[in-house]
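Heads up: the protein sequence lines correspond to chains C and V, in order.
The working numbering numbers the first residue of the first sequence as 1 and each following residue consecutively.
The working numbering numbers the first residue of the second sequence as 1 and each following residue consecutively.
One structure is given here, and the rest of the page talks about it.
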Amino acid sequence: MKKIFIISLLLILKTTFAHSLIKVDITRGNLDPLPIAVSPLHVDPKSDSYQDIKVKALGDRISEVIENNFRATGLFNPLKKDAFVQKPDIAHLKPRFEDWRLIKAQALVTGKLLVKEGKLKIEFRLWDLTASKEMIALAFTTTPTNWRRVAHIISDKIYERLTGEEGYFDTRVIYVAESGPKDKRIKKLAIMDQDGANTKYLTLGNELVLTPRFNPANQLVTYLSYFRNLPRVYLLDIETGVQEVVGNFPGMTFAPRFSPDGKKIIMSFAKDGNSDIYTMDMETRVAERITDHSSIDTSPSYSPDGKYIAFNSDRSGLQQIYVMKSDGSNVKRVTFGKGLYGTPVWSPRGDLIAFTKVRKGRFYIGVMRVDGTGERLLTENYYQEAPSWSPNGRVLIFYRETKSDSKGQGHSAKLWSIDITGYNERQIKTETDASDPSWSSLLSK
Amino acid sequence: MLRQPIDLPPIVSVELIQISDKTNIPYAPKARKVIEKVKKEEKRVVSEQAPPKAKKKEKPDRIPMPDEKKEKKQLVKKKQNPEDVKPEIRQSSEFEKKEIIDTNEIAALINKAKEEAALTEKTSSKLTQSSQKNSFATGLTLSQEDALRAQFFGCWTIPLGIPYDDDNLLVRIKLKLKKDGTVLKSEVLDHERMNRPDQKFYKILAESVLRAIRICQPLKVPPTGYEKWKDLQLNFNPADMLKG
Numbered sequence: 001m002k003k004i005f006i007i008s009l010l011l012i013l014k015t016t017f018a019h020s021l022i023k024v025d026i027t028r029g030n031l032d033p034l035p036i037a038v039s040p041l042h043v044d045p046k047s048d049s050y051q052d053i054k055v056k057a058l059g060d061r062i063s064e065v066i067e068n069n070f071r072a073t074g075l076f077n078p079l080k081k082d083a084f085v086q087k088p089d090i091a092h093l094k095p096r097f098e099d100w101r102l103i104k105a106q107a108l109v110t111g112k113l114l115v116k117e118g119k120l121k122i123e124f125r126l127w128d129l130t131a132s133k134e135m136i137a138l139a140f141t142t143t144p145t146n147w148r149r150v151a152h153i154i155s156d157k158i159y160e161r162l163t164g165e166e167g168y169f170d171t172r173v174i175y176v177a178e179s180g181p182k183d184k185r186i187k188k189l190a191i192m193d194q195d196g197a198n199t200k201y202l203t204l205g206n207e208l209v210l211t212p213r214f215n216p217a218n219q220l221v222t223y224l225s226y227f228r229n230l231p232r233v234y235l236l237d238i239e240t241g242v243q244e245v246v247g248n249f250p251g252m253t254f255a256p257r258f259s260p261d262g263k264k265i266i267m268s269f270a271k272d273g274n275s276d277i278y279t280m281d282m283e284t285r286v287a288e289r290i291t292d293h294s295s296i297d298t299s300p301s302y303s304p305d306g307k308y309i310a311f312n313s314d315r316s317g318l319q320q321i322y323v324m325k326s327d328g329s330n331v332k333r334v335t336f337g338k339g340l341y342g343t344p345v346w347s348p349r350g351d352l353i354a355f356t357k358v359r360k361g362r363f364y365i366g367v368m369r370v371d372g373t374g375e376r377l378l379t380e381n382y383y384q385e386a387p388s389w390s391p392n393g394r395v396l397i398f399y400r401e402t403k404s405d406s407k408g409q410g411h412s413a414k415l416w417s418i419d420i421t422g423y424n425e426r427q428i429k430t431e432t433d434a435s436d437p438s439w440s441s442l443l444s445k
Numbered sequence: 001m002l003r004q005p006i007d008l009p010p011i012v013s014v015e016l017i018q019i020s021d022k023t024n025i026p027y028a029p030k031a032r033k034v035i036e037k038v039k040k041e042e043k044r045v046v047s048e049q050a051p052p053k054a055k056k057k058e059k060p061d062r063i064p065m066p067d068e069k070k071e072k073k074q075l076v077k078k079k080q081n082p083e084d085v086k087p088e089i090r091q092s093s094e095f096e097k098k099e100i101i102d103t104n105e106i107a108a109l110i111n112k113a114k115e116e117a118a119l120t121e122k123t124s125s126k127l128t129q130s131s132q133k134n135s136f137a138t139g140l141t142l143s144q145e146d147a148l149r150a151q152f153f154g155c156w157t158i159p160l161g162i163p164y165d166d167d168n169l170l171v172r173i174k175l176k177l178k179k180d181g182t183v184l185k186s187e188v189l190d191h192e193r194m195n196r197p198d199q200k201f202y203k204i205l206a207e208s209v210l211r212a213i214r215i216c217q218p219l220k221v222p223p224t225g226y227e228k229w230k231d232l233q234l235n236f237n238p239a240d241m242l243k244g
């Protein structure tokens, strides 16, 4: 009896554990951008005309904006429309998946729009072509002049669905538009969509402007301008055009940046050759001193939770990056590499700090963990600085100066972006030379 | 100072449409024909495969003791890596001499077997070389495994947006295969992670894996030994590639 019991138990064991499942580890795939087909949006023939907008062309133009956004990420490969196999209206109803798969597309974007009674109604669908199913479908209603923004919002939704990360297309970049020779440079504040469209100039160019920074919570901008030859931190409301000096400091104020909740401005205040970091509460207008050191402390940047501040200082003899608590206590040096480190900017994700490094006459844009470890230099050039994060912490925008001709004469400044992996470095086209970019948070958030 | 406000577009209102996994829109006529044809073919193949061919009943041999299994593994290892002999494997041979005489010892055996199974699981999730040897020992040859891996190199587009420093990027898929390598059924083993809001990167990765399997099929499977590989587990981990 005992033996039978033992045998039956062993049989159970055998069935459970003896025939183990074959397991194969797949650790290699390809890192090619995802092939995606963006079908032109179908324009409903019942659409009205609207002002000077070419309504019939809107479907093509919106899909072009989406395609350009995707291409600029380096994560997607929008396929050429010549190979498309289905008309936009039919594809939007129900794609012939097997036909789309033939052109090697893995995802498909379809949509339609209607302009009626002064309103633009757009809907889109994202299809998984291998699973033959819909992944996301949304509709938007707005004024027809807003069509570019809708294209960016659609791009954000698709990006988020396919990557798991928040998008960054429905955003703006504020920067300093530069023109004229280097010794008589005219610098204006300018704002544009992240893709370089819709440029507007916010100042006339009478005063020198530098380092504009968006408020993460609203449409306020802080920047440095000169008043009676004295650099001062200013505040500008983009929507109303109201501009004011921040605080009544008896000296230079510079390097301003907002706190993550947008309620404070943190900046440097210099007097008698010494500069320290101060904050100014936007409601009470009370200034608070954060650092008190005989060295030059500047370029402060809050962590996204507002608990810490990164800044650069020459207190060790050379310019390095330090991190402290937001009340100024517990100051710790985090960079120890060769060269000078400056312009630290805390990632919106909170995990990295971007910086500019100067070594042996070359300028680098890099990222590191917040404790200074894991330094990665993303790009190197003759002169480049001022990194600013995309709101999802995936991309950095910065500016680069080059000699404008082959003889090394002249001077040219352009905006560039790079992925935090160090790939996909791209120039962002601007109407004029451009410097000091600052990326806004998502407008539709 | 007061300036003219700039002309910025107003905020866009957003309206949601309900999303469903399967659309309720009817198929286009051409697509319907193709889909129905594919479905018919699939059904036919499934029915052809069942019931399974009658096999000569295998003698219910005494199940090898866990120690014996280890010895087999050791033999394989000797081929691959002669100097890699761990002391605990040698110790295990002492158990072989003992006879199973009471239920306490059987219970201990069950526990040990379970521990081994758990260990195998853990090892496979770490994607070490030993797991490759293990799968070699259970069914596919290394070259057959390599053929499968090479196939996925082309089909699996790793989502570049996922965090490169995430240590939790393993997607385990269980497949049921036809003899020609076509996938009858695919199951994400940790599918509950697909719907967790804090695991959205896992969902993206798992979707990319499922896409890869659909694109890759029929999988390059050996011409023989169907019973061994008809159920197959693929462990996808892009960590090494993302870290560069």
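Don't be surprised by glycine CBs; every beta carbon is placed ideally from N, CA and C.
Note that the coordinates shown come from a computational prediction; the quantities given were computed from them, not determined experimentally.
Which residue wins for smallest C-alpha separation from residue i, given the options the options?
| i | options | result |
| --- | --- | --- |
| C:V331 | C:I365, C:S295 and C:T291 | C:T291 |
| C:P338 | C:S326, C:Q219, C:Y423 and C:R362 | According to the sequence displayed, residue 338 of chain C carries Lys and not Pro. For the residues C:S326, C:Q219, C:Y423 and C:R362, the minimum Cα distance to C:K338 belongs to C:R362. |
| C:G164 | V:L148, V:K203 and V:I173 | V:K203 |
| C:E117 | C:L162, C:Y50, C:K182 and C:K54 | C:Y50 |
| C:G180 | C:L443, C:A413 and C:P144 | C:A413 |
| C:I103 | C:K264, C:A83 and C:I122 | C:A83 |
| C:N447 | V:D231, V:P159 and V:A147 | Because chain C is modelled from 1 through 445, residue 447 of chain C falls outside the range shown and cannot be assessed. |
| C:Y175 | C:Y302, C:L208, C:R148 and C:S299 | C:L208 |
| V:T157 | V:D190, V:G139, V:C216 and V:E227 | V:C216 |
| C:S336 | C:Y302, C:S225, C:K307 and C:E375 | In the sequence on display, residue 336 of chain C carries Phe and not Ser. For the residues C:Y302, C:S225, C:K307 and C:E375, the minimum Cα distance to C:F336 belongs to C:E375. |
Return the chain-ordered list of same chain residues with a C-beta closer than 6 Å to the C-beta of residue i, the five sequence neighbours on each side being excluded.
| i | result |
| --- | --- |
| V:N24 | Annotation note: pLDDT 48 at V:N24 (below 50); position unreliable, no value reported. |
| C:G393 | S347, P348 and R349 |
| V:L219 | G181 |
| C:A270 | G251 and M252 |
| C:S47 | V55, L114 and V115 |
| C:E431 | T199 |
| C:L352 | V367 |
| C:S441 | P216 and P391 |
Strictly by DSSP, which residues pair up with residue i?
| i | result |
| --- | --- |
| C:Y226 | C:P231 |
| C:R362 | C:R359 |
| C:Q243 | C:L236 |
| C:E401 | C:Y383 and C:A413 |
| C:K116 | C:K119 |
| C:S275 | C:A270 and C:I296 |
| C:G111 | C:F124 |
| C:V38 | C:V109 |
Tell me which residues share the same chain as residue i and place their Cβ nearer than 7 Å to its Cβ, disregarding the 5 neighbours each side in the sequence.
| i | result |
| --- | --- |
| C:E425 | T379, W416 and I418 |
| C:R333 | S316, Q320 and Y322 |
| V:K230 | K176 and L177 |
| C:N274 | S294 |
| C:T402 | Y382 and S412 |
Assuming residue i is part of the alpha helix (DSSP H), what are its boundary residues?
| i | result |
| --- | --- |
| V:A291 | In the structure displayed, chain V extends from 1 to 244; residue 291 of chain V sits before or after that span and is not available. |
| V:Q233 | First-last for V:Q233: D231 to F236, but that is the beta strand (DSSP E), not the alpha helix (DSSP H). |
| C:V65 | V55 to T73 |
| V:S143 | L142 to C155 |
| C:P88 | P88 to L93 |
| C:T430 | Counting along the chain, C:T430 falls outside any alpha helix (DSSP H), and DSSP gives it neither H nor E. |
| C:F84 | It is not in any alpha helix (DSSP H) - C:F84 carries neither H nor E in the DSSP assignment. |
| C:F97 | F97 to L102 |
| V:F201 | K200 to C216 |
Sorted by chain position, which residues of the same chain lie with C-beta nearer than 8 Å to residue i's C-beta, five sequence neighbours on each side aside?
| i | result |
| --- | --- |
| V:M194 | V188, Y202, K203 and A206 |
| C:E385 | G342, T343, T356, F363, I365, F398 and Y399 |
| C:Q106 | L34, P35, I36, D128, L129 and T130 |
Would you mind reading off the limits of the beta strand (DSSP E) that contains residue i?
| i | result |
| --- | --- |
| C:A255 | M252 to F258 |
| C:K325 | Q320 to K325 |
| C:F214 | V209 to F214 |
| C:N312 | Y308 to S313 |
| C:A217 | Run containing C:A217: none; DSSP gives neither H nor E here. |
| C:F140 | K133 to T142 |
| C:A177 | R172 to S179 |
| C:V331 | Element bounds for C:V331: n/a, residue is neither H nor E. |
Exercise. Is the stretch 278 to 293 of chain C in contact with the stretch 240 to 247 of chain C, if contact means three or more CB pairs nearer than 8 Å?
Worked result: yes
For this session: Could you tell me whether the stretch 84 to 91 of chain C touches the stretch 39 to 49 of chain C, using the rule of 3 or more Cβ pairs below 8 Å?
Result: yes
Exercise. Does the stretch 59 to 74 of chain C come close enough to the stretch 195 to 206 of chain C that 3 or more CB-CB pairs lie under 8 Å?
Worked result: yes
Exercise. Does the stretch 230 to 243 of chain V come within contact of the stretch 153 to 168 of chain C, defined as at least 3 CB pairs closer than 8 Å?
Worked result: no
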